[in-house]
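Just so we're aligned: the sequence shown equals residues 1275 to 1541 in our numbering.
Yeah, the Cβ is synthetic: ideal placement off N, Cα and C, and Gly gets one too.
Predicted, not measured: the structure shown is a model, and the values here were computed from it.
This report refers to the structure that appears directly beneath it.
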Amino acid sequence: MLGSTVFAAEMAWPDYQRRVKDGDVPVLIPLGSMEQHGHHMPMHVDVLLPTEFARRAAEQTGALVAPPFTYGYKSHQKSGGGNFFPGTTSLDGASLVNALKDVVKEFVRHGVRNLCIVNGHFENSWFITEGIDLALRELNWAGIDDVKVMVLSYWDFVDQASIEKLYPKGFLGWDIEHGGVLETSLMLRLHPDLVSLKDAVEHAPATFPPYDIYPAKPEWTPASGSLSSPREATAEKGDILLDVCTKGIVTAINAEFARPRALSAAR
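And the structure:
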């Protein structure tokens, strides 16, 4: 038996099989992207953050964490700056849908019946929904109708009290938080070696007209790629976010999924 871990891919297959075969251990699938996050952060922020939230939640619920999706749907100009930045590497919607559908069906084949998609990239949202819908439909055709899939984005657990602590000068909305205080604060706490605030570009929050244009107009997006300034980010704000989001995710998992027998027996 290999060492204790919440990461499914780090387990030997017999150990993994023992954990999931009865269907009562949830599997958490982080889903991110490779996308620019300004001059001050790396392009795999949307992979690192959901994976860490999944790890923390798994340790508290007895769940397992699947390998993350490292590519996601195309960056939208009003939420991620746009898909035209060098380095941003994206999937077509159909590719993401089919890949997620296949992965969900594979875990069900292993015996898993409770899955949670931990999203870290806003633009993935509707394609996650489609992939799950198609997977459940095909599983139902095969006579498997006892699968439950939860979808969550970690930032949706940030409550108003936390927002007031994070943004004492006023909160301008999640749509322009790309590369801003939220992600930067989390990265300062979790991966400070990957953040260089001295390279952050100070600028006013991005403003967009109430419509979209295709092809996108790069001049609408701040040249840095961030949609708001990260200068107010701190590791202490990262602690607030880690606490409120992890608690929310754990509560949701415990509410929606049967408590894993392995965890219940251990307590």
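Kindly indicate which residue of the options has the alpha-carbon position closest to the one of residue i.
i        : options                                : result
Asp-1421 : Ser-1278, Thr-1525, Ala-1283, Val-1299 : A small correction: the amino acid at residue 1421 is Val; Asp does not occupy that position in the sequence shown. Minimum Cα distance to Val-1421 is reached at Val-1299.
Glu-1412 : Asp-1467, Glu-1380, Ala-1340, Gln-1434 : Glu-1380
Ile-1450 : Ala-1478, Asp-1376, Gly-1361, Asp-1433 : Ala-1478
Glu-1309 : Leu-1501, Tyr-1345, Leu-1302           : Tyr-1345
Ser-1349 : Thr-1362, Pro-1342, Pro-1341, Phe-1343 : Thr-1362
Ala-1509 : Glu-1333, Leu-1456, Pro-1342, Pro-1484 : Leu-1456
Glu-1493 : Arg-1292, Arg-1329, Pro-1341, Phe-1359 : Phe-1359
Ser-1498 : Ser-1436, Asp-1473, Ala-1490, Thr-1481 : Asp-1473
Which of the three DSSP states is assigned to residue i in this structure?
i        : result
Lys-1352 : helix
Ile-1487 : coil
Pro-1492 : helix
Val-1392 : strand
Ile-1402 : helix
Ile-1418 : coil
Phe-1281 : strand
Phe-1381 : helix
Met-1424 : strand
By a C-beta neighbour count over all protein chains shown, 10 Å radius and 16 as the cutoff for buried, is residue i buried or exposed?
i        : result
Ala-1283 : exposed
Gly-1447 : exposed
Glu-1326 : buried
Thr-1495 : buried
Gln-1434 : exposed
Gly-1444 : exposed
Ser-1503 : buried
Pro-1483 : exposed
One question on the structure: do residue i and residue j come within less than 8 Å of each other, judged by their Cβ atoms?
i        : j        : result
Val-1386 : Gly-1454 : no
Pro-1324 : Leu-1305 : yes
Ser-1500 : Gly-1356 : no
Ser-1459 : Ala-1416 : no
Ala-1368 : Ile-1527 : no
Could you name the residues of the same chain whose beta carbon sits closer than 6 Å to that of residue i, not counting the 5 residues immediately before and after it, in chain order?
i        : result
Phe-1531 : Pro-1300, Asn-1388
Phe-1396 : Ser-1353
Gly-1394 : Gly-1306, Asp-1320, Leu-1323, Pro-1324
Report all residues from its chain with a CB closer than 8 Å to the CB of residue i; omit the five preceding and five following residues, and keep chain order.
i        : result
Leu-1537 : Any reading at Leu-1537 is ruled out, since the residue's pLDDT is 44, under 50, leaving its predicted position unreliable.
Enumerate in chain order the residues of its own chain whose CB-to-CB distance from residue i is below 7 Å, with the five nearest sequence positions on each side excluded.
i        : result
Phe-1281 : Val-1339
Leu-1468 : Met-1315, Pro-1316, Met-1461
Ile-1402 : Leu-1305, Leu-1374, Ile-1391, Asn-1393, Val-1425
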